[in-house]
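First comes the structure, then the notes that go with it.
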Amino acid sequence: MSLKSLALIENWPVSAAAAGVVRADGTVAGTQGAIGQRFALASVTKPLAAYAVLVAYEEGAIELDEPAGPEGATVRHLLAHTSGLAFDEHRVMAAPGERRLYSNAGFEQLADHVAKAAEMPFGEYLRQAVLEPLGMGATSLEGSAAKDGVSTVEDLLRFAAEVQAPRLLDPRTVGEATSVQYPGTKGVLPGYGHQNPNDWGLGFEIRDSKSPHWTGSSSSPRTFGHFGQSGTFLWIDPDAGAACVALTDRAFGAWAVEVWPVLTDAVLAQLRG
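Put into structure tokens, the structure is as follows:
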């Protein structure tokens, strides 16, 4: 079935956009736009990086609760944005586990930690552990593990299918990664203000009852994913049994706050029939 709802992206105030939906069984429900075009992902890089970190965990190269980052912090703290590191500086702002401080610096420290344990650059580890096995040949990490990924809708639909029906990881690991870590932790969701609680898993943001939010009003509380400042998002809604990816070439702003939830609600309505 094609998803006419995806045609909404043609009216977005952007120069280029592409989108797609993949079901939990791996079938692509619909696409729109140039799904093979490469876009800068910004923070949609983080779920890819987190998946590679989890592969390193399952391979025994690292442990989730071993020290990493600031004193007292662990790999888990870094993945869950509770290490206490500042947003874009390698500077400690709080004790580990105290606040949900969204941190690019934390993901950069994660990448360094895994690179040291695996004895290879993190970008190469990501390629071997995640991108290559999933056939994501158009995806690359071109700098920071927090924000410098480049990919296509086509490739990210492969990733979203993997997360919904894991082959590279034990489903229990993915279940933990998409469950709330450090429940009750407050913090700011970039672009959407203070949230109490500001729930996250391991590299994935969890919707729960957050408002306002970049997903839809009909998105289930179990929805998880990430959006990026380059005008990109990936969400997975377990209750809908589907995931949606949208990539654009315009920086996140008021336009995205307005149109993203509309697209999400339209997609979910069509999936429900």
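The numbering of the sequence shown is the working numbering, which starts it at 1277 and goes up by one.
Glycine included, each C-beta is placed from N, C-alpha and C at the ideal position.
Small disclaimer: the values here were computed from a predicted structure and weren't measured.
Status (buried if at least 16 other CB within 10 Å, exposed otherwise) for residue i
i       : result
Thr1303 : exposed
Met1412 : buried
Asn1474 : buried
Gly1348 : exposed
Arg1376 : buried
Arg1434 : buried
Gly1345 : buried
Ala1441 : exposed
Pro1289 : exposed
Ala1518 : buried
Ser1427 : buried
Ala1516 : buried
Ala1530 : exposed
Gly1419 : exposed
Pro1459 : exposed
His1470 : exposed
Arg1403 : buried
Asp1301 : exposed
Asp1513 : buried
Pro1447 : exposed
Min CB distance residue i to chain B below 8 Å
i       : result
Thr1415 : In the structure shown, chain B does not exist; there is a single protein chain.
Own chain, CB closer than 7 Å to residue i, minus 5 neighbours either side, in chain order
i       : result
Pro1497 : Arg1483, Asp1484, Ser1485
Thr1491 : Arg1483, Thr1499, Trp1511, Pro1537, Thr1540
Asp1364 : Asn1380, Ala1381
Val1621 : Within the shown structure, residues of the chain are numbered from 1277 to 1549, placing residue 1621 beyond reach of any answer.
Ala1387 : Ala1325, Phe1398, Ala1421
Inter-residue spacing [alpha-carbon to alpha-carbon] between residue i and residue j
i       : j       : result
Val1298 : Leu1465 : 26 Å
Asn1380 : Gln1313 : 25 Å
Gly1360 : Lys1280 : 43 Å
Ala1318 : Arg1548 : 31 Å
Met1369 : Ala1362 : 6 Å
Ala1532 : Asn1472 : 23 Å
Arg1443 : Ala1437 : 10 Å
Ala1293 : Leu1410 : 23 Å
Asn1287 : Gly1399 : 35 Å
Phe1315 : Pro1397 : 23 Å
His1389 : Ala1328 : 12 Å
Phe1509 : His1489 : 12 Å
Ser1291 : Gly1507 : 11 Å
Thr1461 : Ser1278 : 40 Å
Contact check, residue i vs residue j, beta carbons under 8 Å
i       : j       : result
Gly1504 : Val1320 : yes
Tyr1553 : Ala1414 : For the chain, the structure presents residues 1277 to 1549; residue 1553 sits outside this window and is missing.
Leu1330 : Leu1478 : yes
Thr1449 : Glu1334 : yes
Leu1284 : Ala1527 : no
Leu1544 : Ser1495 : yes
Glu1374 : Ala1421 : no
Phe1480 : Gly1501 : yes
Asp1424 : Leu1417 : yes
Sequence-distant residues of its chain with Cβ nearer than 8 Å to residue i (five each side left out)
i       : result
Ala1394 : Ala1332, Ala1337, Tyr1401
His1357 : Arg1376, Leu1377, Tyr1378, Ser1379, Gly1382, Gly1463, Trp1476
Leu1340 : Tyr1333, Thr1350, Val1351, Arg1352, Leu1355, Leu1478
Ser1493 : Pro1537, Asp1541
Ala1371 : Gly1348, Gly1360
Gln1457 : Arg1352, Leu1355, Ala1356, Thr1358, Trp1476, Gly1477, Leu1478
Cut-off 6 Å between Cβ atoms - residues of its own chain near residue i, not counting five sequence neighbours on either side
i       : result
Val1406 : Tyr1327, Ala1328
His1366 : Ala1381
Glu1408 : none
Gln1546 : Leu1279, Ser1281
Stretch pair the segment 1340 to 1360 + the segment 1309 to 1316: three plus CB contacts closer than 8 Å: Segments in contact, no.
Any 3 or more C-beta pairs closer than 8 Å across the segment 1317 to 1336 and the segment 1447 to 1461: With the cut-off at 8 Å, the segment 1317 to 1336 and the segment 1447 to 1461 touch.
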